[in-house]
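The structure appears right after this line, and notes come after that.
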Amino acid sequence: MDACKRNIIAQLKKDILPLQGLKALVTDNHINIGFRPIELAFPNATFPTGCTHEFLSASPKDISATYGFISGLLSKMMQTGGAAIWVSTSRTLFPAALKSFGIKPDQIIFIDLKKERDVLYAMHEALKCDKLISVIGEIKEINFKESRKLQLAVEQSRVTGFIIRNQPRIVNTIACVSRWRISSLPSELNDGMPGVGFPRWNIELLKVRNGSPGNWKVEWASNQFKEIKENIFSIQQAQKQKAG
Amino acid sequence: MIHRQPELKNVPFVLALPDHGRMRITEVNVFAKAKGIFAGMVVTDAKIIIPGLQVFDDHLNLADKLLKRLCNWCIRFTPIAAVDGTDGLILDITGCVHLWGSEPLYLKAIMNKLKSFGFNVRAAIADTIGAAWAVCRYGKIKAIINPNDQREALMALPPAALRLDDMIIDRLQKLGLYTISSFMNIPRSALRRRFGQQLLLRLDQAFGKEEEIIQPLQPVEAYMERLPCLQPIQTAVGIEIALQQLLENLCNRLLKEGKGIRVAVFKGYRVDSKTESISISTNHPSHHINHLFKLFELKIATIEPALGIELFTLEASKVEDIVPLQETFWTANGNLESKEVAELLDHLESKFGSNILHRYLPNEHHLPEHSIKLAASLKEEPTTTWPSDKTRPIQLLQKPKPIEVTAPIPDYPPMNFRYEGKLHTIKKADACERIEAEWWHKPGLQRDYYVVEDEEGKRYWVFRSGHYNSDTKPSWFIHGFFA
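Here's what the structure looks like:
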C-alpha cells in the first residue's frame, strides 16, 4: 500500500512539473553543466534551461564572481554555437575575458541602455526570440508581475534567462526557477605554491522550485567546474603548522 | 518675391547687381518689361523711364536656387523633375497624368499652383522634350500637343525654338529660313554641310527620332513607391494605412527580385509644401512587411501632418540581396545570422536608438582597453583569434582608478592598497605582466600589471604606471576585477 502511494505521489510530482513551467527536457536538447552535485539539486537531475534564474549579489565585489559563474554556465550552453544577448545599463563586463570561460565573445551582443525600465523591456523582447541561447539582464529592481512576464516569455521560446540583481533594495520573491548567490573564495594552488590560482566561488542555491537548495564550493579550471576538495586545505594547514 | 511681398504683384520692379561701380539690372518683371526696360540696363537709365521703379538687390545664383526649389516642389506632380538651363523645368509625366484625371486637368493644376506663387509660367505637354520646349516658348495655339499633331505644331515655329546656337540661328535667318517648315525637308547632308551636326540633332530630338535623356534633380530611387491621396491625410490611422499599402507594394517587388531593405525612408509631402520624413535601418536585408511596419510604427508619431499630407512615398535607399538561408531540420540553436535575431535587434534599435548594440571583435593591441573593437555589423567575423594566453579580468573599469598602495620597491606587488576608502590586504599575488604603452599610437608610461587577491578572496587587477624614479613616485591604479 505504502509503495503504491509513493508511486502515485511521484507520478503526481512529475505531472505537476510541466504545469509549473518546468517542461521535461528533450533528450538531445539537454545541457550538461559538468558538475553533478548542482544538477542533482534540480528536478529530473538536470540543470533547467528554458526558464529564468535569479542571481543575487549583496556587494558590488560579488558581481565578478556572479559574472564568472554565469559565463561558465553559458559556455556549457553555447558549446554547439548560438548567440546570447547581454542587456545592462552600466556594463563593466570585459568581453575579452569571456574567452577564458570558453565563450567566443563575438557571439554575444551587448545592449547598453540608459534606464532600468528599458532593460526590462529589452530583456522581455529578447526572451521572446527563440533563436537565442540565453539572455542575461542586469536588473536591480524587478517585481513579481514583471518577472512573471519574463517567465511566460521563456516558456514559449525555451530561451534561458539570467537575471542579475546587484544590491536590490528589497529581496522580493520573483517568478524564477532558482535563486543563487555567488561569492568569491580565496584561491589555492596545489601544494601551497605562491600566486593566485584558478577562480573559486562559493555557490549558494538559495531557492529552487521542486528541488533541494544547496551550497557548494567550486573551482573553475580548464573550462570545467570542479569541486574543491577539502583535504587540500587540511594538508596545507598541516604543512603550515609543521613549518610554523 | 511676389509670394513674400504680395503688394508687388501689380507694380514694375527689377532686380539689380552692382557691376563696375553702377547698378545693372539683372531681372525684369512683366510690367517693367512692357515699359521697355530690359536686363542689362543701368538702373539710373531705367529710373528715367519709370520714375517710381522698385529696385531690389539681386543675389548671385538666386534664380538658380529658386528654380531648384521649384523643381523640388514639382516632385509632387512627377518623380522625374529636372532643371532645364536657367529658366525652365522639365517634368517627365509618363504615367502620372491619370492621377489628376486628364492631361488638361493636370496641366491646369500645375499652372494654377505656380501662378498662385506669383510666377509667370508657360507650359506645354508634348511627346519629346524638344517639342515641349519649343511649343512652350514659341507656340501660340495650344499647350498640349497630341502625338499626331507634333509635326504640324512645330512647322510654324521659328528655328530658335529648336534650342540652337545663336550662330546657326543667325545663319538661318540670313538665308531666309524663318520657320522650321522651311528647312525641315532639305536633304540632311546639305543641312549638315551648311549648319553642322547640331541642327540635325535638335531636329531629330524635337521630332522624336533621337532619344534625349533628362537629368532629374533628385535621381529616382530604383526602389520607390508613391501613393498620392485624393484628400489630404491628417490622422495617424491614415498614415498607417498609407504606409502599409506602400510596404506591401515595395516588399512584393523586392520579394520577386530576392532583395531586402537595409535602409528605407518614408516621406509625406504636406499641403503647405513641406516634407515630413522618417527613416529606418535594419541589420539584415528584409522584405518582411510586418517587421518593417513595426519599425516604422514606432516613429509614426513624429510625423506632423499639419494641414494634411497629399503624397506619400516610400523609398528603399539601400537594398541588398537576401542570401537564402539553408533551412535546418534542427533549429534549437540559432545564431547571429538568423532572421529572428536580426529582427529583434532592429526592433530594439529603433526603439532605443542606434548606438545601443555592441558586439566586439579582437583587436591586436596590448593595452586592455584597446584590445577589443566594435564590430561594424552582425556578420563581421573576427580577423584574428581571441587571445587566450593572458588572464584578463571579467570586469574592466572604463578608466583605471587611482589607489594608494604600500609596496616594497622596486618590482614587488603591493602589500596592501586602499580603494574606495577600504583597506585591502593582499594575501596572494602573481608576477607582473608588463604592458608597454603603444608609443606608435600615443606616448605614455608602461604599466606593470599584478593579479592580486585580498584576504576575502576577491581578485583584483592593479598596475603601477611607470618606473620608480628618484624624484617621482609612480602612481598605482586599479583596472579590473577577476571572477
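So the sequence lines, in the order shown, correspond to chains A and B. For the first sequence, the working numbering gives the first residue as 40, with consecutive numbering after it. For the second sequence, the working numbering gives the first residue as 5, with consecutive numbering after it. By construction, the Cβ of each residue, glycine as well, lies at the ideal position given by its N, Cα and C atoms.
Is any beta-carbon of chain B found at less than 8 Å from that of GLY253 of chain A? Answer no: the Cβ-Cβ gap between GLY253 of chain A and chain B never drops below 8 Å.
Would GLY425 of chain B pass as an interface residue toward chain A - the criterion being a Cβ-Cβ separation below 8 Å? no
Using a cut-off of 7 Å between C-beta atoms, extract the partners of ASP434 of chain B located in chain A. GLY234, VAL235
Quick one: what's got a C-beta closer than 7 Å to GLN177 of chain B's C-beta in the same chain, skipping five residues either side? none
Can you round the beta-carbon distance between GLU107 of chain B and ILE129 of chain B to whole angstroms, since I take them to be within the 8 Å contact cut? 6 Å
CB contact flag (PRO207 of chain A, GLU177 of chain A, <8 Å): no
For GLU194 of chain A and LEU58 of chain A, the rounded distance between their alpha carbons: 11 Å
If you reduce the DSSP assignment to three classes, tell me which class GLU331 of chain B lands in. With a pLDDT of 47 at GLU331 of chain B, under the threshold of 50, the modelled position of this residue cannot be trusted; read the value that follows with caution. Reduced to three states, the DSSP call for GLU331 of chain B is coil.
Quick one: list the residues of chain A neighbouring LYS117 of chain B, beta-carbon separation under 8 Å, in chain order. In chain order: nothing, as chain A lies at least about 46 Å away.
Chain-ordered chain B contacts of LYS143 of chain A [CB-CB under 9 Å]: Proximity of chain B to LYS143 of chain A at the Cβ level (cut-off 9 Å) is accounted for by PRO386, TRP390, in chain order.
Which residues bound the alpha helix (DSSP H) around SER186 of chain B? Element bounds for SER186 of chain B: n/a, residue is neither H nor E.
Contact belief for MET159 of chain B with SER185 of chain B at Cβ below 8 Å, rounded distance in angstroms: 4 Å
Does the beta-carbon of ALA20 of chain B have 16 or more other beta-carbons within 10 angstroms, so that it is buried, or is it exposed? buried
I'd like to check one pair, ALA135 of chain B with ALA210 of chain B: are the Cβ atoms closer than 8 Å? yes
Which residues bound the beta strand (DSSP E) around GLU194 of chain A? Per DSSP, GLU194 of chain A belongs to no beta strand (DSSP E); it is in the alpha helix (DSSP H), 183 to 196.
Using CA coordinates, which residue listed in A:ASN249, A:GLU243, A:VAL235, A:GLU266 is at the minimum distance from ALA97 of chain A? Relative to ALA97 of chain A, the option among A:ASN249, A:GLU243, A:VAL235, A:GLU266 whose CA is nearest is A:GLU243.
Please state if the CB of GLY484 of chain B and the CB of PHE133 of chain A are separated by a distance shorter than 8 Å. yes
Does the distance from the C-beta atom of SER196 of chain A to that of LEU166 of chain A stay below 8 Å? yes
Report the rounded CA-to-CA distance for LEU221 of chain B versus CYS78 of chain B, giving the unit in angstroms. 10 Å
Delimiting residues of the beta strand (DSSP E) encompassing HIS428 of chain B: Looking at the DSSP string, the run of the beta strand (DSSP E) that includes HIS428 of chain B is 426 to 433.
Are any of the Cβ atoms in chain B nearer than 8 Å to that of TRP169 of chain A? A quick correction: the sequence has Asp, not Trp, at residue 169 of chain A. Output row for ASP169 of chain A: interface = yes.
Quick check: is the beta carbon of ASP157 of chain A nearer than 8 Å to any beta carbon in chain B? yes
Could you tell me whether the Cβ of ARG463 of chain B comes closer than 8 Å to any Cβ of chain A? yes
Quick one: what does DSSP say LYS462 of chain B is sitting in, helix, strand or coil? coil
Going by C-alpha to C-alpha distance, which of B:ASP49, B:ILE284, B:ALA310, B:ARG80 sits closest to ILE97 of chain B? B:ARG80
Whole angstroms is fine: what's the gap from HIS369 of chain B's alpha carbon to ALA433 of chain B's? 25 Å
Does the CB of ILE203 of chain A have a neighbour CB from chain B at under 8 Å? no
Report the neighbours of LYS431 of chain B on chain A: residues whose CB is nearer than 8 Å to its CB, in chain order. PRO225
Report the three-state DSSP secondary structure of HIS483 of chain B (helix, strand or coil). Three-state result, HIS483 of chain B: strand.
Which residues in chain A sit within 9 Å of ALA379 of chain B, going by Cβ to Cβ distance? ASP145
Please confirm whether SER354 of chain B and ALA268 of chain B have their CB atoms less than 8 Å apart. no
With a cut-off of 8 Å, does the C-beta of ASP151 of chain A fall near any C-beta of chain B? With 8 Å as the cut-off, ASP151 of chain A counts as an interface residue toward chain B.
For VAL158 of chain A, which option in A:SER129, A:SER217, A:PRO144 has the closest C-alpha, if you only look at C-alpha atoms? For VAL158 of chain A, the closest alpha carbon among the candidates A:SER129, A:SER217, A:PRO144 is that of A:SER129.
In or out: LEU311 of chain B buried (at least 16 other Cβ within 10 Å) or exposed? exposed
Using a Cβ-Cβ cut-off of less than 8 Å, list which residues of the segment 394 to 420 of chain B approach chain A; keep chain order. For the segment 394 to 420 of chain B, the set of positions with a beta-carbon nearer than 8 Å to some beta-carbon of chain A reads THR395, ARG396, PRO397, ILE398, GLN399, LEU400, LEU401, GLN402 in chain order.
Candidates A:GLY141, A:ALA135, A:LYS100, A:ALA49: closest to PHE264 of chain A by CA position: A:GLY141
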